[in-house]
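In this note's numbering, the protein residues as written are 34 to 463. Only one structure is covered here, and it is reproduced in the block below.
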Amino acid sequence: MEAFLGENALTNLLPLAVLGLGVGHFAFIEKQQLYIGTHWNKKNLAVYFLSFLTFVIAVARINSEAITGGLGIITMLLKYTLFPVFVYLFISYQFRNNDGFEKNVQRVLYVLFLTIAIEAAFYFILFVLFFNQAAVNSEEGAESHLMLSLIGIHTEKRLLPIINVHPNTMGIYTGGVLVMAFLLVKQKGIGPKVKKLLYIFIGIGILFLLMVDSRGTIINTLMATLGVFLLSRTRFLGLLRIMPILSPLLPFIMLSVLAFISETGLGSQVSRQEGDLATGNNRSAIWEECMKELSDPKFQHFVGYGEMGQAASGVSKRYAWIFGSGEVAESMVTHNYFFQMVFDMGYIGTFIFFVFMFVILGNAISAFRQGFSRALAVVGFLTYFMLSGTSESIYGIYNKNYFMVFTVVVLFMAISYNEFMRDKREKGTA
34 MEAFLGENAL
44 TNLLPLAVLG
54 LGVGHFAFIE
64 KQQLYIGTHW
74 NKKNLAVYFL
84 SFLTFVIAVA
94 RINSEAITGG
104 LGIITMLLKY
114 TLFPVFVYLF
124 ISYQFRNNDG
134 FEKNVQRVLY
144 VLFLTIAIEA
154 AFYFILFVLF
164 FNQAAVNSEE
174 GAESHLMLSL
184 IGIHTEKRLL
194 PIINVHPNTM
204 GIYTGGVLVM
214 AFLLVKQKGI
224 GPKVKKLLYI
234 FIGIGILFLL
244 MVDSRGTIIN
254 TLMATLGVFL
264 LSRTRFLGLL
274 RIMPILSPLL
284 PFIMLSVLAF
294 ISETGLGSQV
304 SRQEGDLATG
314 NNRSAIWEEC
324 MKELSDPKFQ
334 HFVGYGEMGQ
344 AASGVSKRYA
354 WIFGSGEVAE
364 SMVTHNYFFQ
374 MVFDMGYIGT
384 FIFFVFMFVI
394 LGNAISAFRQ
404 GFSRALAVVG
414 FLTYFMLSGT
424 SESIYGIYNK
434 NYFMVFTVVV
444 LFMAISYNEF
454 MRDKREKGTA
């Protein structure tokens with residue numbers, strides 16, 4: 034809504050009103066009694082709550098001139114608080130139906146895929162109808178549409194028509210949901226209604242990612258899908274639990290791999306300009322400045338600066354030359370979710386988040402091994418999330434839609450895992 038109507042009272046208050054009504058509806062839905070949802074494992078609940086709390090604290094301490102005064106901060110806090118509460122109550126309520134565990138799971142998945150499919154289809158139609166009217170992407174070396182050129186279509190790379198934002202803003206989380214669709218579509222027991230939607234979404238998603246023209250998003254989608262699928266056929270799926278631990282190293286692993294590929298024939302085909310692949314499209318320069326800043330320990334590095342911490346710390350000014358000049362360039366994000374979280378939430382908040390990721394990923398893998406096959410889609414999404422976070426700042430306010438999709442998937446896994454284990458106990462198979 035904000036993308037089309039801008040930041041104003043309507044776009045700020047209407048979502049709050051809708052979320053508030055939704056929370057009220059599900060909280061008091063039966064006999065006017067407060068419904069608090071499914072009871073979770075207490076240890077898991079503590080990790081979830083701490084992770085969410087560190088994020089909320091970072092939002093409350095946001096460093097942005099765009100958010101002025103206490104009212105602006107309160108409005109933002111309410112948005113990021115009410116949405117998870119609404120999702121939690123909505124998914125919990127679905128599992129209260131007497132349709133059986135599997136049908137309840139597929140009902141929630143259907144809502145998720147339908148929502149993202151409609152959005153991806155909408156933006157794809159915008160691309161097709163208004164492509165020539167859209168602004169040309171002004172990034173250096175981005176004038177040519179690389180992905181379409183590989184299939185013989187030569188045109189300029191464009192921003193999303195009408196709203197004029199980078200298409201990967203939407204493409205990056207579409208890729209994550211596409212991974213889920215790939216891992217679900219051939220599973221046994223998927224209802225015909227859900228399977229039909231999955232095929233439609235896969236078709237729309239692939240076309241949309243081609244139009245988005247992000248090498249990283251396409252590669253991460255393929256890597257997460259193939260990696261999780263192949264590992265699921267072996268006893269080594271549990272190895273993916275080390276990914277949260279390896280997250281600080283992933284940028285350097287990525288740069289090493291890109292440097293190797295850039296020296297091959299494939300590298301020349303997928304490069305936009307000389308040297309851009311080896312440097313991760315100048316991300317190496319950004320991360321070098323981040324490392325320099327963190328190599329001089331400060332108290333704020335442990336507790337964070339709040340959202341937009343890269344601007345508050347001053348590190349973004351050191352790599353602003355990559356993005357031009359002006360306030361936007363001087364406050365550009367770190368293009369890596371580990372560095373971004375350290376500047377926003379500090380080492381303490383970042384550690385809590387990765388413990389949280391370790392727990393939820395472990396739950397998904399454990400559930401899959403015990404027979405909850407749909408949990409593999411969550412393993413795929415979380416793997417993709419961490420891969421995409423290697424080269425983008427994806428956690429927090431920087432991509433609101435991606436954060437919302439992440440919240441839905443995580444809460445779906447948290448609730449369905451506990452419902453799955455309860456179902457097994459009731460059947461005497463746990």
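Ideal Cβ placement from N, Cα and C applies to all residues, glycine included. The structure displayed is predicted, hence computed values, not measured ones.
DSSP links residue 191 through a beta bridge to 169. In its chain, beyond the 5 residues on either side, 150 have a beta carbon closer than 7 Å to the beta carbon of residue 233.
DSSP, reduced to helix, strand and coil, places residue 114 within a helical segment of the structure shown.
With contacts defined as CB atoms closer than 8 Å, residue 126 and residue 203 fail to qualify as a contacting pair. Taking C-alpha positions only, residue 241 is separated from residue 139 by approximately 24 Å. Taking all protein chains in view, the Cβ of residue 424 is crowded by 16 or more other Cβ atoms within 10 Å, so the residue is classified as buried.
Judged by pairs of C-beta atoms under 8 Å, the stretch 369-381 does not touch the stretch 432-442, as fewer than three such pairs exist.
One Cα belongs to residue 168, the other to residue 194, and the distance between them is close to 7 Å.
In this chain, the alpha helix (DSSP H) harbouring residue 212 covers 201-217.
Cβ atoms of residue 277 and residue 445 stay farther apart than 8 Å, at about 19 Å.
The Cβ atoms of residue 362 and residue 237 do not sit closer than 8 Å to each other. Using a Cβ-Cβ distance cut-off of 8 Å, the stretch 246-253 and the stretch 317-327 are not in contact, since fewer than three pairs of beta carbons, one from each stretch, lie closer than that value. DSSP places residue 320 inside the alpha helix (DSSP H), whose first and last residues are 316-327.
Secondary structure at residue 423: coil, using DSSP grouped into helix, strand and coil. Under the three-pair Cβ rule at 8 Å, the stretch 365-380 counts as touching the stretch 330-343. Its Cα nearest to that of residue 222, the residue 137 stands out among 86, 137, 104 and 450. Of the candidates 109, 90, 81 and 92, 109 places its Cα closest to the Cα of residue 48. For residue 284, the enclosing alpha helix (DSSP H) starts and ends at 283-295.
Around the beta carbon of residue 373, a 10 Å sphere encloses 16 or more other beta carbons of the protein chains shown; the residue is thus reported as buried.
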